[in-house]
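Note sheet for the following structure.
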Amino acid sequence: MWRKSSYSGGGANDCVEVADGYAGVVPVRDSKVPAARPVVFSGRSWAGFVAGVKGEAGGCTFG
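Residues 43 to 105 in our numbering are what the sequence shown lists, from first letter to last.
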């Protein structure tokens, strides 16, 4: 099932969606083009990205 961030502002088609339920990988897609092939990240890469966005990446920041 695809989900989007609660921070997306409630817009129908203006965010990134993430799929749950895939072992070891995280599919990501653009909500404006749901039929397009998703970009697939390893679970570890996705966790690192999320930690970085949240400022929990041990001093690593995104600017």
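Cβ atoms here follow ideal geometry from the backbone N, Cα and C, with glycine treated the same way.
- For residue 80 against residue 69, the beta-carbon gap comes to about 4 angstroms, under 8 angstroms, which counts as contact.
- Counting along the chain, the unbroken beta strand (DSSP E) around residue 71 starts and ends at 67 to 72.
- In this structure, DSSP gives residue 75 a state outside helix and strand, which the three-state scheme calls coil.
- Bounds of the beta strand (DSSP E) holding residue 84 are 81 to 84.
- The beta carbons of residue 66 and residue 84 sit closer together than 8 angstroms.
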